[in-house]
Amino acid sequence: MVMTEDEIFSCFAEILEQVGGVAVGTVTYEADITDDLEISSLSLVEIIVAAEDKFAVEIPDEALKELRTVGDFVSYAQRVLCSAAT
Amino acid sequence: MTGLGAVTPLGDDAPSTWAGLLAGKSGVRALDESWADDLPVRIAAPVTTDLAALIPFSQMRRMDRSEQLALIAARQAWQDAGAPQVESHRLGVSVATTGLGGLGVALDAHDILRTRGWRRLSPFTVPMFMPNGAAAWIGIELGARAGIHTAASACASSAEAIGYGMHMIRSGRADVVVAGGAEAALFPLNIAMFAVMRALSCRNDDPERASRPFDKARDGFVLGEGAGAVVLESAEHAVRRGANVLAVAAGVGYASDAHDVAQAAPDGAGCAMAIQQALADANIAPEHIVHINAHATSTLVGDSAEAKAISRAIGDAVSGIIVSATKSMTGHLVGGAGAIESVAAICALRDSVAPPTINLDDPDDEVVAAGINIAAEPRELRSQLRSAVALSNSSGFGGHNVTLAFMAA
């Protein structure tokens, strides 16, 4: 069963907290991962790897360029998961 | 010196480490972990502090254990110094690790590369194993812009780091420097590398009695892990802010054996020169020395060489000096040794008591012949002596010798 958008968001917020040290309360759909959550470039790589493991998806570097906000990531993960399910 | 920090096999901080030393406690234990089963050496001196309670998980996962220990010790020293107000461009860091700890990171990374591919490596792999990683993390946390430095001289690394920190202040580059070192390398390859050199004690059936510097029955050192840190401050800066001065970093001496890549020169000439250089740098006579924290790792050649060196460098004044070999209790903390032993030397001066050298049941004949006065029990120092000085000796593979001279405040 494909994860809902809210479920993906919750999991991603948890990753941001555990890997990125971001307080869960500061994670919103609109939050810019780099500018608002102050995630460094190395930290972002860690977070993406953790997300790939968690959601069993692959996020190529080219796709990363388009993922600025938490919402961007959630939407991308949901699209990939839906494609995999169909 | 206005702040002290330590995380060692004896305690979570400098006060508990010092209390453990005075109590003659041993931090050496048997390695019950299954990875040690096939090793010829199954004893070590690990840190038992719960690091996860002190560093957030998200930060811990990016740091090698030696870096974590160094950061905790530095934070302690900083707080002990009262978190001095200092402009960032006047604050420096000089902290060493030998890089042995990073070897574990490299091994894990190699396994990940083989089994899961390059994309699954932590992007912090390089910062985790680079020897300057500990210094870097400390400098970042404190906002140190006067310079972040790392010494690499094996088991003399953190002593050299403290010496370099002193130079930073003397040269006017900084008003405050956090200095010290750390090591955390208790894993199979590291133990095996030292074991194949026959450098480690194989007293697996009696761990707490294995580290026995200066004793006839010594058979090598015991690997340990830990970190030590000090806050160095210019006298002017310390006085201006009303700092509590624990000791004065009076002098540092360096010399090299140029003898063998791993073994100390048996005549101790290099160590003797380092001691003499430190005394000259501090402009003090041997008669002012009340205590020496010896490098004394519990090796056959090294301990005898150092005993000769002390006698040679100090002459008749050696009778008034109490020597302690604290590695008998902490084990050999490699990159952290010089820093932790500096902390111990400063505490000894402050409290006018030398810690014991445990397991000294039957002193080596060459040590006895050298005429040095080793404390088997805690011994009172000649604290009433004006300008009392304590020395801390450190030597390292490659023939490095560093002596630090601390003067009572």
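Note that the protein sequences, when read in sequence, are chains A and B. Quick note: the first sequence uses our numbering, first residue 1, plus one each step. Quick note: the second sequence uses our numbering, first residue 1001, plus one each step. Yeah, the Cβ is synthetic: ideal placement off N, Cα and C, and Gly gets one too.
**Request:** Quick one: give me the first and last residue of the alpha helix (DSSP H) that B/Tyr1164 is part of.
**Result:** 1157-1170
**Cβ distance (whole Å) where B/Ala1282 is taken to contact B/Met1407 below 8 Å** = 7 Å
**Asked** If you run the structure through DSSP and keep just helix, strand and coil, what is B/Tyr1254?
**Response** strand
**Asked** Under three-state DSSP, which class holds B/Glu1380?
**Response** strand
**Asked** Are the C-beta of A/Val57 and some C-beta of chain B separated by less than 8 Å?
**Response** no
**Item:** Helix, strand or coil at B/Ile1289 according to DSSP, with G and I counted as helix
**Value:** strand
**Message:** Please report whether the beta-carbon of A/Leu42 lies at a distance below 8 Å from any beta-carbon of chain B.
**Reply:** yes
**Request:** Give the residues of chain B in contact with A/Val49, contact being defined as C-beta atoms less than 9 Å apart.
**Result:** Arg1119, Arg1120, Leu1121, Ser1122, Pro1123
**Request:** From the DSSP output, in three-state form, read off B/Glu1225 for me.
**Result:** coil
**Item:** Under 8 Å by beta carbon: chain B residues contacting A/Val19
**Value:** Ser1058, Arg1061
**Prompt:** Beta-carbon separation of B/Ile1148 and B/Val1231 under 8 Å?
**Reply:** no
**Message:** Could you check whether B/Ser1324 and B/Pro1355 sit closer than 8 Å to each other, using their CB atoms as the reference points?
**Reply:** yes
**Request:** Determine the direct distance from the alpha carbon of B/Leu1091 to that of B/Lys1358, and round the result to whole angstroms.
**Result:** Checking the displayed sequence, the identity of residue 1358 of chain B turns out to be Ile instead of Lys. C-alpha separation (whole angstroms): 39 Å.
**Message:** Counting only Cβ pairs nearer than 7 Å, list the residues of chain B close to A/Val45.
**Reply:** Pro1123
**Request:** Please go through the same chain and pick out, in chain order, the residues whose beta-carbon is closer than 6 Å to the beta-carbon of B/Ala1135, but skip the five residues on each side of it.
**Result:** Val1093, Val1095, Ile1148, Thr1150
**Request:** Taking only the alpha-carbon atoms, compute the straight-line gap between B/Leu1404 and B/Ala1339 and give it to the nearest angstrom.
**Result:** 10 Å
**Request:** Leaving out five residues on either side along the sequence, give the residues of the same chain with a beta carbon under 7 Å from the beta carbon of A/Ala13.
**Result:** Val24, Val27
**Item:** Among B/Ala1305, B/Ala1184, B/Ser1394, B/Ile1292, nearest to B/Arg1382 - alpha-carbon criterion
**Value:** B/Ile1292
**Asked** Assuming B/Gly1320 contacts B/Leu1279 under a Cβ cut-off of 8 Å, what Cβ separation, rounded to an integer in Å, is found between them?
**Response** Going by Cβ atoms, the distance from B/Gly1320 to B/Leu1279 rounds to 14 Å, so no, they are not a contact pair.
**Message:** Helix, strand or coil, according to DSSP, for B/His1259 in the structure here?
**Reply:** coil
**Item:** the region 1290-1306 of chain B contacting the region 1325-1333 of chain B, beta-carbon criterion three pairs below 8 Å
**Value:** yes
**Asked** Of the residues B/Met1001, B/Leu1051, B/Pro1046, B/Leu1103, which one's Cα is nearest the Cα of B/Glu1033?
**Response** B/Pro1046
**Message:** Please report the straight-line C-alpha distance between B/Gly1226 and B/Pro1266, rounded to a whole angstrom.
**Reply:** 28 Å
**Asked** With 16 other CB atoms within 10 Å as the buried threshold, where does B/Ala1146 fall?
**Response** buried
**Prompt:** Between the C-alpha atoms of B/Gly1133 and B/Gly1335, what's the straight-line distance to the nearest angstrom?
**Reply:** 13 Å
**Message:** With DSSP as the reference, identify every bridge partner of B/Arg1029, one or two as the case may be.
**Reply:** B/Ala1044
**Prompt:** Should the region 1303-1323 of chain B be called in touch with the region 1171-1189 of chain B, which here means at least 3 C-beta pairs below 8 Å?
**Reply:** no
**Prompt:** The beta strand (DSSP E) with B/Ala1096 in it runs from where to where?
**Reply:** 1091-1096
**Item:** Assigned exposure category for A/Ala51 - 16 Cβ within 10 Å defines buried
**Value:** buried
**Request:** Compare the C-alpha of B/Ser1342 against each of B/Ser1394, B/Ala1307, B/Ala1036, B/Glu1377 and name the closest.
**Result:** B/Ser1394
**Item:** Outcome for A/Val2 when other beta-carbon atoms lying within 10 angstroms are tallied against a minimum of 16
**Value:** exposed
**Prompt:** Between which two residues does the alpha helix (DSSP H) containing B/Glu1067 stretch?
**Reply:** 1065-1080
**Request:** Taking the CB atoms as reference points, tell me whether B/Gly1099 and B/Val1261 lie closer together than 8 Å.
**Result:** no
**Message:** Taking contact to mean 3 or more Cβ pairs, one atom from each stretch, closer than 8 Å, check whether the region 1199-1216 of chain B and the region 1358-1371 of chain B are in contact.
**Reply:** yes
**Message:** On the DSSP letters alone, give me the boundaries of the beta strand (DSSP E) that B/Val960 sits inside.
**Reply:** This structure leaves residue 960 of chain B out entirely; chain B is present only between 1001 and 1409.
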